[in-house]
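K.L.:
FYI, in my numbering the residues of the sequence shown are 84 to 386.
Even glycine gets a Cβ: it sits at the ideal position worked out from N, Cα and C.
A quick note: this is a predicted structure, and the numbers were derived from the prediction, not measured.
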Amino acid sequence: MRLQPTFPLALFLACLQALPSSAAPDVHTLSRADGSLIHYTLDRPPAHAGGLILISQGSGCAPGANNASLATVRAAFPNYAALIVEKIGIAPDSAIVDGYADCPQEFVTQYTLSQRVDDYRAVLDHLRSQSNMPAADLVLFGGSEGGLAVAMLAAQLQPRATIMLSSSSGTTFAETVRRTVPPEGHATIDAGFAAARANPDSDELFAGSTYRFWADILDVKAVDYMLAGSSPILLIQGGLDTSSPLASARLAADAFAAEGRCTLTYWEFPSLDHGMKMPDGRSRMAEIAALAAQWVEAPSPAC
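1) Touching or not, the segment 291-309 and the segment 232-245, by the rule of three or more beta carbon pairs under 8 Å?
2) Starting from the C-beta of F339, find all residues in its chain whose C-beta is less than 6 Å away, skip the five residues before and the five after it, and write them out in chain order.
3) Counting only the same chain and skipping the five closest in sequence on each side, list residues whose C-beta sits under 7 Å from that of S114.
4) For T325, does the count of other Cβ atoms within 10 angstroms reach 16, so buried, or fall short, so exposed?
5) Tell me the DSSP secondary structure of M368 in three-state form.
6) Excluding the five sequence neighbours on either side, which residues of its own chain have a C-beta within less than 7 Å of the C-beta of P382, listed in chain order?
7) With distances taken Cα to Cα, identify the nearest neighbour of E228 among E342, D208 and A257.
8) Using 8 Å as the threshold, is the segment 261-271 in touch with the segment 173-190, meaning 3 or more CB pairs across them?
9) Let me confirm a value: P328 is counted as buried when at least 16 other C-beta atoms fall within 10 Å, else exposed. Which label applies?
10) Sort L125, A336 and K360 by Cα distance to A148 and report the nearest one.
11) Closest by CA to G230, which one among F190, S214, Y123 and G253?
12) For a test of the three-state rule: what should DSSP assign to I272, helix, strand or coil?
13) Do you know whose CA, among T112, I319 and F190, lies nearest S142's CA?
14) Taking Cβ to Cβ, would you say L166 is nearer than 8 Å to Y123?
15) Identify which residue in R280, G343, A336 and L323 has its Cα closest to the Cα of P353.
16) Check whether the Cβ atoms of G118 and Y163 lie closer than 8 Å to each other.
17) Use the C-beta contact count for V264: other C-beta atoms within 10 angstroms, 16 or more gives buried, fewer gives exposed.
18) Assign E228 to one of three DSSP states: helix, strand, or coil.
19) Going along the chain, which unbroken runs of the beta strand (DSSP E) with 3 or more residues stay wholly within the segment 110-135?
20) Please report the distance separating the alpha-carbon of A427 from that of Q213.
21) Look at M368 and S152 and say whether their C-beta atoms are less than 8 Å apart.
22) From F276 to Q188, what does the alpha carbon distance come to, in whole angstroms?
23) So for I173, helix, strand or coil by DSSP?
24) State the Cα-Cα distance for the pair D273 and R280, rounded to the nearest angstrom.
25) Quick one: what's got a C-beta closer than 8 Å to L301's C-beta in the same chain, skipping five residues either side?
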């Protein structure tokens, strides 16, 4: 069932008034097996009620700790501790402006989606070992490529809830990229993808990322991981999204319907783009994040 929610003003204002009043988030590191460091920030508000939300950014190498959209999502969950895990080679204070053309070498050569999910799992396992936090207290929120990451993670952890925003979920990543490229560019895309599949461990670059990155992500289809889990999922899609096509989100919703599954809630906003903006440039991210937070707290439907 496709729902097209409206924007309740009272809920939006309540969200804005509930901005966390804690000090700056704590910055931490955790060592990988090879000795390199995972950087992450953990924000525990004074009213922390025990839940944890992991907020996963989209593509690029800009620090998640400084991401305005992630901050907006965090504001919608004021009573949760909030976790942001930086990508490999990135620290919260990394001097990155563009987020694509000025990425550090460690990120360029080592980053893959699977490696990112491994980092998330390592940090969450570390935090849970310290606090005995059950999966029932964990909420996952991912936007764009981050949505793919949390879908993969949710299949492993079975969290309380998973929220995916502007994430191409019903088609493989390769199909999604191809749909966003004009027909005259398909031959170049196809050749690059074929080279990546043939050289999955190569540092050679195609379209700004290594063959290693492409080989790891090309055949990822988020809906496969979404269907592998049993916990509630909220899928949010803008009708004007040209980066994660609307058709892909609808395919994911249809896959759940075809299997008679009731664990997916699908919201479609016809007038919003990839970043939850209106055609006139006004952002609706705060309202949508507030609605998502309300959805998490609502009782799950009986299947």
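P.N.:
Short version:
1) yes
2) Position 256 of the sequence shown, counted from the first residue, corresponds to residue 339. Excluding residues within five positions, the ones whose Cβ falls inside 6 Å are L347.
3) Within the sequence shown, the letter at position 31 stands for residue 114. Taken in chain order, the residues that qualify are L120.
4) For the purposes of this step, residue 325 is taken as residue 242 along the sequence shown, with counting starting at 1. With fewer than 16 Cβ atoms within 10 Å of its Cβ, T325 is classed as exposed.
5) Counted from its first residue, the sequence shown places residue 368 at position 285. It is helical.
6) Indexing the sequence shown from 1 puts residue 382 at position 299. Counting only Cβ-Cβ distances below 7 Å, and skipping sequence neighbours, we find nothing.
7) Position 145 of the sequence shown, counting from 1, holds the residue named residue 228. Ranking E342, D208 and A257 by Cα distance to E228 puts A257 first.
8) no
9) Position 245 of the sequence shown, counting from 1, holds the residue named residue 328. Counting Cβ neighbours within 10 Å, P328 comes out buried, since at least 16 surround it.
10) Residue 148 sits at position 65 when you count from the first residue of the sequence shown. Nearest option by C-alpha distance: L125.
11) Counting from one through the sequence shown, the residue named residue 230 turns up at place 147. Cα-wise, what sits closest to G230 is G253.
12) Residue mapping note: residue 272 aligns to position 189 of the sequence shown, counting from 1. Residue state, collapsed to three classes: helix.
13) To locate residue 142, count along the sequence shown from 1; it is residue 59. Of the listed residues, the one whose Cα sits closest to S142 is F190.
14) Taking the sequence shown and counting its residues from 1, one reaches residue 166 at position 83. Taking the sequence shown and counting its residues from 1, one reaches residue 123 at position 40. Contact annotation: L166 and Y123 have beta-carbon atoms nearer than 8 Å.
15) Counted from its first residue, the sequence shown places residue 353 at position 270. Checked all of R280, G343, A336 and L323; the closest Cα to P353 is L323.
16) What you label residue 118 is simply residue 35 of the sequence shown in a count that begins at 1. What you label residue 163 is simply residue 80 of the sequence shown in a count that begins at 1. In this structure, Y163 does not lie closer than 8 Å to G118 by Cβ.
17) On the sequence shown, residue 264 is found 181 positions in, with the first residue counted as 1. The C-beta of V264 has fewer than 16 other C-beta atoms within 10 Å across all chains shown, which makes the residue exposed.
18) As a position in the sequence shown, residue 228 is number 145, starting the count at 1. Note: E228 maps to helix in three-state DSSP.
19) 120-126
20) In the structure as shown, the chain begins at 84 and stops at 386. Residue 427 is therefore absent and cannot be evaluated.
21) For this step, residue 368 is matched to residue 285 along the sequence shown. For this step, residue 152 is matched to residue 69 along the sequence shown. Cβ distance < 8 Å, so M368 and S152 count as in contact.
22) Taking the sequence shown and counting its residues from 1, one reaches residue 276 at position 193. Taking the sequence shown and counting its residues from 1, one reaches residue 188 at position 105. Spanning the two alpha carbons is a distance of roughly 22 Å.
23) Taking the sequence shown and counting its residues from 1, one reaches residue 173 at position 90. Coil.
24) Walking along the sequence shown from the start, residue 273 turns up at place 190. Walking along the sequence shown from the start, residue 280 turns up at place 197. Those two C-alpha atoms are separated by around 11 Å.
25) On the sequence shown, position 218 is the one that residue 301 refers to. The answer, listed in chain order, is T255, F256, A257, F276, A279 and R280.
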